[in-house]
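Numbering (the working numbering), first residue to last: 552 to 807. Data block below; observations after.
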Amino acid sequence: MLLCTVRNCRQVLESTGKRMVCARGHSFDIARSGYVNLLQPQDSRSRAPGDSAAAVAARRRLHDTGVTEPLARGIREIAGASSVDSVLDVGCGDGFYLGSVTRAAGCAGSGVDIALAAVDAAARRNTECQWVVANADRFVPWSEKSFSVVMSITGRMNPAEFGRVLREDGRLLVALPSPEDLIELRGAGRDRTQRTVEEFGGQFRLVRHERVTTTSELDAASVEDVLLAIYRPLRKEPVGAMRLTFSLDLLVFERL
Ligand SMILES: [Zn+2]
Numbered sequence: 552m553l554l555c556t557v558r559n560c561r562q563v564l565e566s567t568g569k570r571m572v573c574a575r576g577h578s579f580d581i582a583r584s585g586y587v588n589l590l591q592p593q594d595s596r597s598r599a600p601g602d603s604a605a606a607v608a609a610r611r612r613l614h615d616t617g618v619t620e621p622l623a624r625g626i627r628e629i630a631g632a633s634s635v636d637s638v639l640d641v642g643c644g645d646g647f648y649l650g651s652v653t654r655a656a657g658c659a660g661s662g663v664d665i666a667l668a669a670v671d672a673a674a675r676r677n678t679e680c681q682w683v684v685a686n687a688d689r690f691v692p693w694s695e696k697s698f699s700v701v702m703s704i705t706g707r708m709n710p711a712e713f714g715r716v717l718r719e720d721g722r723l724l725v726a727l728p729s730p731e732d733l734i735e736l737r738g739a740g741r742d743r744t745q746r747t748v749e750e751f752g753g754q755f756r757l758v759r760h761e762r763v764t765t766t767s768e769l770d771a772a773s774v775e776d777v778l779l780a781i782y783r784p785l786r787k788e789p790v791g792a793m794r795l796t797f798s799l800d801l802l803v804f805e806r807l
């Protein structure tokens, strides 16, 4: 169940069709595309927190070329969702990975992100899932044990809140950019696996770790889109076609 995000309220939100309302009368509009915006004034340091519309559009075009499909396949396989699962994607962005998992499994899905442009794009493409704009760094706005799978795909992590909304027998899937991810553009990255295992160590243990990697010959426009998506659009020289590596470390956790 969705919960009210007004400071310290946390009452259950009920849908009236056009809005979600809590018992204390706090009310949130449901957008025409179907998402609900639960952002509070203190969540928005800028007027448009999170991904910009340009970055969202660039990422969407990249997904549409199919270059990220091998990553989505890896996520689907390791998530192992079936029709009885209920999946939450925290930091869902444009919903590409959540949509891929829930369509393949035929299961329920919910996605939350702080970027309104991203969630709006997600809701337009996938009406099967529940889409929410909220600041999950502060509070993941669902009641305790709402989900059997919680995913964080290259997003920000909130171990305490992930643990709160996950069922006792649930599993947590964390995807991190591997050291090889976009190595051609930004050089070798850090291996964040160990630090992440430690970050979740109080509540969870690592039960599986796999790396999924794909390379693709991208045309100049797609390379530009990658740069936009990672916020490095400013280059002195125009970019040309390039072979790029996309790579994720996929970690599955269960409760201790
Ligand atoms: Zn309320």
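Cβ coordinates follow ideal geometry from the N, Cα and C atoms, glycine included. In this text the structure is predicted, and so the values were computed from the model without any measurement.
Within the same chain, Cβ atoms closer than 6 Å to the Cβ of Phe-647 are found at His-614, the five residues on either side in sequence being excluded.
The beta carbon of Val-587 lies closer than 7 Å to those of Met-571, Phe-579, Ile-581 and Val-683 in the same chain, with the five residues before and after it left out. Taking all protein chains shown into account, Asn-559 has fewer than 16 neighbouring C-beta atoms within 10 Å of its C-beta and is therefore exposed. Inter-residue distance for Phe-755 and Ala-608 is about 35 Å (C-alpha atoms, whole angstroms). Our two residues, Arg-583 and Gln-745, have alpha carbons roughly 42 Å apart in a direct line. DSSP places Phe-755 inside the beta strand (DSSP E), whose first and last residues are 755-769.
Closest by C-alpha distance to Gly-721, out of Ala-792, Gly-657, Cys-680 and Arg-806, is Arg-806. For secondary structure counted as the alpha helix (DSSP H) over 4 or more consecutive residues, the segment 681-722 holds these complete runs in sequence order: 710-716.
The Cβ atoms of Phe-804 and Leu-622 do not sit closer than 9 Å to each other.
Inter-residue distance for Arg-675 and Gly-617 is about 19 Å (C-alpha atoms, whole angstroms). Not one heavy atom of ligand 1 sits closer than 8 Å to the Cβ of Gln-593.
For the 9 Å CB-CB criterion, Asp-664 and Arg-611 do not form a contact.
Per DSSP, Arg-743 has no beta bridge partner at all. With fewer than 16 other Cβ atoms from the protein chains shown falling within 10 Å of its own Cβ, Ser-633 counts as exposed. Contact check for Ala-687 against Leu-801 fails: the beta carbons are separated by 9 Å or more.
When C-beta atoms of the segment 692-712 are compared with those of the segment 738-752, three or more pairs fall below 8 Å, so the two segments count as touching. Looking at the backbone, the Cα of Ser-694 and that of Val-763 are separated by about 32 Å. Val-652: not part of any beta strand (DSSP E); member of the alpha helix (DSSP H) spanning 647-656, first to last residue.
Taken from the Cβ of Arg-575, at least one heavy atom of ligand 1 lies inside 8 Å. For Glu-805, the enclosing beta strand (DSSP E) has its first and last residue at 793-806. If you draw a straight line from the Cα of Val-638 to the Cα of Gly-568, it comes to about 23 Å. Ligand 1 has a heavy atom closer than 8 Å to the beta-carbon of Cys-555.
Beta-bridge pairing by DSSP links Leu-736 to no other residue. Cβ atoms of Val-652 and Ala-666 stay farther apart than 8 Å, at about 20 Å. The C-alpha of Gln-562 lies about 8 Å from the C-alpha of Arg-575. Secondary structure at Ala-582: coil, using DSSP grouped into helix, strand and coil. For Ala-605, the enclosing alpha helix (DSSP H) begins and ends at 604-616.
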